[in-house]
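2 protein chains.
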Amino acid sequence: MAGDHTFGLRPGEEAAALPERFDAGLHFIGRLRTPWIDRAACPKNGLGSDAVCTVAVDPPYAPALRNVTGCTHLILLYWMAHATRGLVVQRPRHADGPRGTFSLRSPARPNPIALSVVELLGRDGDTLRVRGLDCLDGTPLLDIKPYFASTDARPDARVDRAGAEP
Amino acid sequence: MAGDHTFGLRPGEEAAALPERFDAGLHFIGRLRTPWIDRAACPKNGLGSDAVCTVAVDPPYAPALRNVTGCTHLILLYWMAHATRGLVVQRPRHADGPRGTFSLRSPARPNPIALSVVELLGRDGDTLRVRGLDCLDGTPLLDIKPYFASTDARPDARVDRAGAEP
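Laid out in structure tokens, this is it:
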């Protein structure tokens, strides 16, 4: 996998040699249906569009949707199948310099699991209607979790790019 | 894997037969060091303890920590290695009845990826000091993300157990 990076690094970027073997495995449990079929069309984040998207859960996992309509918001975890995995320092197109991967929400990361907080609009059988997604149509779903304001909402959190030690 | 559930289901619980093969693989990128060495000692959630915990990132991934100290809060994703994976309807000990897995934050889920929002207290080389974890000492780390209040904080979100359709 380190071979992914023998060319294609931008100045200042760094790649790690990933292990040959995986430590654990994932099951895709459904698909996210969105209006965006190429990367350039995707909103920059989940608040960048009002589009209503669909979470289509595969039948074996659909019983796990029970009680979910009691939640106003959900956390969705999904898999960025096309992401480069070895980049540890990367230079986002709109940044003024290289940044550590763990300071970014870029899909390029050792485990390309993306996370969005979405508003739950309703359920129709095995599918949920949600608002707040930013990903490509057909993106594999990994998990659905209830969003608890008590533990998940930190409205005072800040990200200060200038104040970070390099 | 469905064999995990040939016994041990509580009344009302349901298990799915998981596929034989995985769809994607994960790399463990570090370990969470916490004061809790058995499950009974773990707090119920990250706000249940003031303990300062440590995120120990493995050396190949440590360059990805660059710029992370500009964040007051982080999202940690980690792997619940001991969790049962097939349960789609489960009966938490303190609930009044069976619940869909996607309405719960239980570690037992098809992809046992846990998520905590933590306060970042500081960085010492390859390790971060954080507050807000709830997991066993030695838990495998999957990802570190910056927490953005603009997209991740929903202080008005609610979970209404009674109002959910079954």
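If you're matching them up, the sequences are chains A and B in order.
In the numbering used here, each number is its position in the first sequence, counted from 1, plus 108.
In the numbering used here, each number is its position in the second sequence, counted from 1, plus 108.
Note that the Cβ used here is the ideal one computed from N, Cα and C, for glycine as well.
Spatial distance of residue i from residue j (CA atoms)
| i | j | result |
| --- | --- | --- |
| M109/B | E128/B | Low per-residue confidence applies at M109/B: pLDDT is 41, beneath 50, and the placement is therefore not dependable, though the value from the model is reported in the following sentence. Straight-line Cα distance between these residues: approximately 7 Å. |
| F130/B | F130/A | 11 Å |
| L282/B | R193/B | Here chain B covers residues 109 to 274 and nothing more, so residue 282/B does not appear. |
| D112/B | A191/B | In this prediction, D112/B has a pLDDT of 48, which is less than 50 and means its spatial position is unreliable; nothing more can be read from the coordinates. |
| R207/B | R199/B | 6 Å |
| A132/A | T177/A | 31 Å |
| G116/A | T142/B | 39 Å |
| V196/B | P168/A | 9 Å |
| A239/A | D260/B | It should be noted that the sequence gives Arg, not Ala, for residue 239/A. Looking at the two C-alpha atoms, the distance is approximately 13 Å. |
| A272/A | S211/B | 37 Å |
| G154/A | N175/B | 23 Å |
| L249/B | T162/B | 11 Å |
| L182/B | A203/B | 30 Å |
| T247/A | D234/B | 32 Å |
| N219/B | D166/B | 23 Å |
| V225/B | R266/B | 17 Å |
| R147/A | L185/B | 25 Å |
| V160/A | W144/A | 12 Å |
| A123/B | A189/B | 18 Å |
| D232/A | L140/A | 15 Å |
Burial state of residue i (16 or more Cβ within 10 Å)
| i | result |
| --- | --- |
| D264/B | exposed |
| A270/A | exposed |
| R217/A | buried |
| P119/A | exposed |
| D268/B | exposed |
| D251/B | buried |
| T114/A | Confidence at T114/A is low in this model, with a pLDDT of 47, below 50, so its placement is unreliable and the value that follows should be read with caution. Burial call: exposed. |
CB contact flag (residue i, residue j, <8 Å)
| i | j | result |
| --- | --- | --- |
| R262/B | A257/A | yes |
| T209/A | A170/B | no |
| I137/B | W187/B | no |
| G156/A | D242/A | yes |
| L228/B | C179/B | yes |
| K253/A | R237/B | no |
| L134/B | L134/A | yes |
Residue range of the alpha helix (DSSP H) that includes residue i
| i | result |
| --- | --- |
| S258/A | 257 to 260 |
Start and end residues, beta strand (DSSP E) containing residue i
| i | result |
| --- | --- |
| T235/A | 235 to 239 |
| V197/B | 195 to 198 |
| A52/B | As displayed, chain B neither begins before 109 nor continues past 274, which places residue 52/B out of reach and without an answer. |
| T162/A | 160 to 165 |
| R266/A | Element bounds for R266/A: n/a, residue is neither H nor E. |
| Y186/A | 181 to 187 |
Using a Cβ-Cβ cut-off of less than 7 Å, give me the residues of the stretch 156 to 189 of chain A that come near chain E, in sequence order.
-> The displayed structure is made up of protein chains A and B, and chain E is not among them.
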